[in-house]
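*Asks:*
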Amino acid sequence: MTDFLGTPATAPGPLGPRMLRHTTMIRRDPLAFLTLMRDTYGDVVQFPIPRPPTYLVASAEATHQVLVGRPGCYDKETIQYRSLALVTGDGLLVAPDRRWRDQRPVVQPAFHHAFLPVVGRIVADEVGALVDRWRLAGPGAVVDVESAMMEVTLRVVGRSLFGDPLTGSTAKLAEATLDALSVVIQRSRVPVAFPRSWPTPANRRLGRALRELDEAVARLAAQGGPGDGLLLDLLLAQPGWSDEQIRNQVVTFLVAGHETAASALMWALWLIAGDEAEGDALADDPGRARWVADETLRLYPPAWVISRSATGPDDIAGHAVPAGALVITSPYLVQRDSRYWSDPEVFAPDRFAARLSRRQREAFIPFGAGLRQCIGRDFARWEMAEVVAGLGAAFRFSRVGPPPRPLASVTLRPADGLLLRIDPRR
Ligand code: HEM
Numbered sequence: 012m013t014d015f016l017g018t019p020a021t022a023p024g025p026l027g028p029r030m031l032r033h034t035t036m037i038r039r040d041p042l043a044f045l046t047l048m049r050d051t052y053g054d055v056v057q058f059p060i061p062r063p064p065t066y067l068v069a070s071a072e073a074t075h076q077v078l079v080g081r082p083g084c085y086d087k088e089t090i091q092y093r094s095l096a097l098v099t100g101d102g103l104l105v106a107p108d109r110r111w112r113d114q115r116p117v118v119q120p121a122f123h124h125a126f127l128p129v130v131g132r133i134v135a136d137e138v139g140a141l142v143d144r145w146r147l148a149g150p151g152a153v154v155d156v157e158s159a160m161m162e163v164t165l166r167v168v169g170r171s172l173f174g175d176p177l178t179g180s181t182a183k184l185a186e187a188t189l190d191a192l193s194v195v196i197q198r199s200r201v202p203v204a205f206p207r208s209w210p211t212p213a214n215r216r217l218g219r220a221l222r223e224l225d226e227a228v229a230r231l232a233a234q235g236g237p238g239d240g241l242l243l244d245l246l247l248a249q250p251g252w253s254d255e256q257i258r259n260q261v262v263t264f265l266v267a268g269h270e271t272a273a274s275a276l277m278w279a280l281w282l283i284a285g286d287e288a289e290g291d292a293l294a295d296d297p298g299r300a301r302w303v304a305d306e307t308l309r310l311y312p313p314a315w316v317i318s319r320s321a322t323g324p325d326d327i328a329g330h331a332v333p334a335g336a337l338v339i340t341s342p343y344l345v346q347r348d349s350r351y352w353s354d355p356e357v358f359a360p361d362r363f364a365a366r367l368s369r370r371q372r373e374a375f376i377p378f379g380a381g382l383r384q385c386i387g388r389d390f391a392r393w394e395m396a397e398v399v400a401g402l403g404a405a406f407r408f409s410r411v412g413p414p415p416r417p418l419a420s421v422t423l424r425p426a427d428g429l430l431l432r433i434d435p436r437r
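Rendered as structure tokens:
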């Protein structure tokens with residue numbers, strides 16, 4: 012196989028000129044691009060990028076090897092996480108394993124199972140308020156599902172982790188986070204970004220958003236911990252932690268726990284709106300909400316790629332992967348792969364009624380896998396099920412307008428927001 016500027020090719024993949032022809036597709040529809048690469052070249056694809064050598068891994072087995080396989084073989088020092096670190100600093104989500112190890116035990120107690128019913132009550136409360144608001148809109152109203160889900164999930168994360176619904180002055184926290192993220196995602200898309208110190212419009216926007224973030228976190232911390240053993244209490248009680256370390260974790264949890272859940276919920280409601288029988292079944296049996304949530308996460312995983320850097324040489328499905336390589340895995344690809352799922356493009360919540368086979372469990376990774384799996388997994392699944400059950404019992408949803416175009420950005424979300432028609436069920 013060919014060399015890419017001195018880096019040997021160890022797996023099939025598009026050569027330079029062909030890759031250039033894909034540039035528009037990579038920018039406009041990265042999901043279609045990843046699918047095309049897998050379909051054309053197989054389960055391990057190498058891109059014509061020399062530094063670092065870059066691979067896509069597409070089978071569930073190989074993905075499992077990277078995320079779970081041998082801990083210590085792969086780490087998080089990738090462009091995806093370095094870009095995110097501009098916003099979150101060295102928080103739990105982006106920290107390399109060696110610094111992550113000390114952080115996770117500090118925050119883990121806030122995610123103990125005993126807290127889930129508390130989260131459930133907060134979600135039920137927020138959903139109740141939303142149902143009341145939407146009822147006032149009257150039968151047949153078209154509602155802005157995007158803004159409603161962004162608000163509910165922000166309030167849930169805020170109340171559950173910080174004892175503050177993050178409205179009023181702290182609302183800026185969410186706005187500034189989203190603003191900073193949008194700049195950061197643009198930076199990670201271009202091969203060479205201007206240094207942070209250059210006063211480009213994007214850098215100035217990022218600088219402004221980060222200043223607002225810092226001020227909002229400082230305000231939150233100054234209010235003190237809510238005193239119920241919530242995340243903020245744990246962070247503030249940590250001996251020797253600097254203001255910056257606390258700030259980094261607060262921002263991390265906002266980044267990780269807000270837009271992810273909101274995006275997934277938008278897709279869940281859109282899917283129900285397109286399946287009247289499922290909508291009716293859900294209204295009769297709220298227990299189905301868990302399956303709807305999981306099936307939504309299968310079809311539209313908010314974390315559509317998960318990247319790792321190889322800390323040493325590895326062999327993936329017979330292909331040598333050198334130390335320092337960037338390895339991209341994709342929940343979106345494996346979760347829509349017909350080798351693991353029958354009719355993978357079809358929305359069928361009943362797949363989750365029975366226990367998944369071992370192979371399917373490996374091919375269902377919306378929250379990642381292995382040591383760095385999402386700390387908020389049970390929180391998010393509980394939250395999603397509660398929102399879907401509550402709204403599904405109160406309203407019949409129907410689609411209006413064309414199907415939303417999935418935008419694969421920080422999360423996988425509808426590109427132009429989401430409007431749905433609602434009719435009260437009773
Ligand atoms: C549907 C919603 C969510 C999805 C799809 C999701 C997805 C993920 C994924 C895929 C990872 C692993 C990333 C990797 O291995 O590189 C992750 C990590 C993480 N998530 Fe979530 N997440 C969700 C909700 C939440 C919530 C609600 C919280 C907090 C309240 C949260 C906090 C975190 C944190 C802190 C990490 C880093 C964990 C660590 O490295 O120890 N996530 N999430």
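In this text, residue positions in the sequence shown follow my numbering: the first is 12, and each later residue adds one. All residues carry an ideal CB built from backbone N, CA and C; glycine is no exception.
For Ala300, which residues from the same chain have a beta carbon less than 7 Å from its beta carbon, with the 5 sequence-adjacent residues on both sides left out?
*Replies:* Excluding positions up to five away in sequence, the list reads Leu293, Ala396, Val399, Ala400 and Gly403.
*Asks:* Does any heavy atom of ligand 1 sit closer than 8 Å to the C-beta of Phe264?
*Replies:* Yes.
*Asks:* For the beta strand (DSSP E) containing Arg424, list its first residue and its last residue.
*Replies:* Note, Arg424: beta strand (DSSP E), Leu423 to Pro425.
*Asks:* In terms of alpha-carbon separation, which member of Gly298, Pro413 and Val316 lies closest to Tyr66?
*Replies:* For Tyr66, the nearest C-alpha among the options comes from Val316.
*Asks:* Given a threshold of 16 other Cβ atoms within 10 Å of its Cβ, counted over all protein chains shown, does Ala229 qualify as buried or as exposed?
*Replies:* Ala229 should be labelled exposed.
*Asks:* Determine the DSSP secondary structure at His75, reduced to helix, strand or coil.
*Replies:* Note: His75 maps to helix in three-state DSSP.
*Asks:* What do you reckon, are the CB atoms on Ala187 and Leu177 nearer than 9 Å?
*Replies:* No; because the gap between Cβ atoms is not below 9 Å, this pair is not in contact.
*Asks:* To the nearest angstrom, how far is the alpha carbon of Pro217 from that of His124?
*Replies:* A small fix is needed here, since residue 217 is Leu in this sequence, not Pro. Answer to the nearest angstrom: the Cα atoms are 36 Å apart.
*Asks:* Identify whether Asp50 lies in helix, strand or coil by the three-state DSSP scheme.
*Replies:* Asp50 falls in the helix class under three-state DSSP.
*Asks:* Using 9 Å as the threshold, is the C-beta distance between Arg432 and Val154 below it?
*Replies:* Yes; because the gap between Cβ atoms is below 9 Å, this pair is in contact.
*Asks:* Counting pairs of beta carbons, one from the stretch 341-355 and one from the stretch 373-392, are three or more of them closer than 8 Å?
*Replies:* Output reads yes: the stretch 373-392 touches the stretch 341-355.
*Asks:* Pro128 lies in the alpha helix (DSSP H); which residues open and close that run?
*Replies:* Leu127 to Leu147 is the span of the alpha helix (DSSP H), which, as asked, contains Pro128.
*Asks:* Measuring CB to CB, does Val261 end up less than 9 Å from Leu246?
*Replies:* Yes, these two residues count as a Cβ contact at 9 Å.
*Asks:* With a threshold of 8 Å, establish whether the CB of Met48 neighbours any heavy atom of ligand 1.
*Replies:* Checking every heavy atom of ligand 1 against the Cβ of Met48, none is found closer than 8 Å.
*Asks:* Counting only the same chain and skipping the five closest in sequence on each side, list residues whose C-beta sits under 6 Å from that of Tyr92.
*Replies:* Answer for Tyr92: Val105, listed in chain order.
*Asks:* Where DSSP assigns a beta bridge to Asp434, which residues make up the other side?
*Replies:* For Asp434, which the question treats as bridged, DSSP gives the partners Arg407.
*Asks:* For Tyr311, name the three-state secondary structure that DSSP assigns.
*Replies:* Coil, per DSSP.
*Asks:* Find the nearest neighbour of Ile90 within the set Leu31, Gln197, Asp254 and Asp348, judged by alpha-carbon distance.
*Replies:* Per the Cα distances, Gln197.
*Asks:* Report yes if the CB atom of Pro23 is closer than 9 Å to the CB atom of Gly53, and no otherwise.
*Replies:* Taking 9 Å as the Cβ cut-off, Pro23 and Gly53 qualify as a contacting pair.
*Asks:* Among all the DSSP beta bridges, which residues are the ones paired with Arg319?
*Replies:* Per DSSP, Val338.
*Asks:* Suppose you measure from the CA of Arg347 to the CA of Ala426; what does that come to, to the nearest Å?
*Replies:* Using only the alpha carbons, I get a separation of about 20 Å.
*Asks:* Could you tell me the distance, in whole angstroms, from the CA atom of Glu356 to the CA atom of Pro333?
*Replies:* When rounded, the distance between both Cα atoms is 34 Å.
*Asks:* For the beta strand (DSSP E) containing Tyr66, list its first residue and its last residue.
*Replies:* Unbroken beta strand (DSSP E) run through Tyr66: Thr65 to Val68.
*Asks:* When DSSP labels each residue in this structure, what does Ala348 get in the three-state scheme?
*Replies:* Per the sequence shown, residue 348 should be read as Asp rather than Ala. Reduced to three states, the DSSP call for Asp348 is coil.
*Asks:* Quick check on this structure: which residue in Leu78, Trp252, Phe358 and Pro313 has the alpha carbon closest to the alpha carbon of Ile283?
*Replies:* The candidate whose alpha carbon is nearest that of Ile283 is Phe358.
*Asks:* Ignoring anything shorter than 4 residues or poking outside the stretch 162-239, list the alpha helix (DSSP H) runs there in chain order.
*Replies:* Entirely contained in the stretch 162-239, the alpha helix (DSSP H) runs reaching 4 residues are, in chain order, 182-200 and 212-233.
*Asks:* Ligand 1 heavy atoms versus the CB of Thr188: any closer than 8 Å?
*Replies:* Every heavy atom of ligand 1 is 8 Å or more from the Cβ of Thr188, so no.
*Asks:* Kindly examine ligand 1 and report whether one of its heavy atoms sits closer than 8 Å to the Cβ of Glu394.
*Replies:* Checking the Cβ of Glu394 against ligand 1 gives yes.
*Asks:* Mapping the DSSP letters down to three states, classify Val56 as helix, strand or coil.
*Replies:* Three-state DSSP puts Val56 in a strand.
*Asks:* Could you pull out every residue in the same chain whose Cβ sits closer than 7 Å to the Cβ of Glu137, ignoring the five residues on either side in sequence?
*Replies:* So the qualifying residues of the chain are Val163, Arg166 and Val167.
*Asks:* If you draw a straight line from the C-alpha of Glu11 to the C-alpha of Arg392, how long is it?
*Replies:* Given a span of 12 to 437 for the chain in the structure shown, any question on residue 11 remains unanswerable.
*Asks:* Can you tell me which residues form a DSSP beta bridge with Tyr1?
*Replies:* Lying outside 12 to 437, the shown extent of the chain, residue 1 is not represented and no answer is given.
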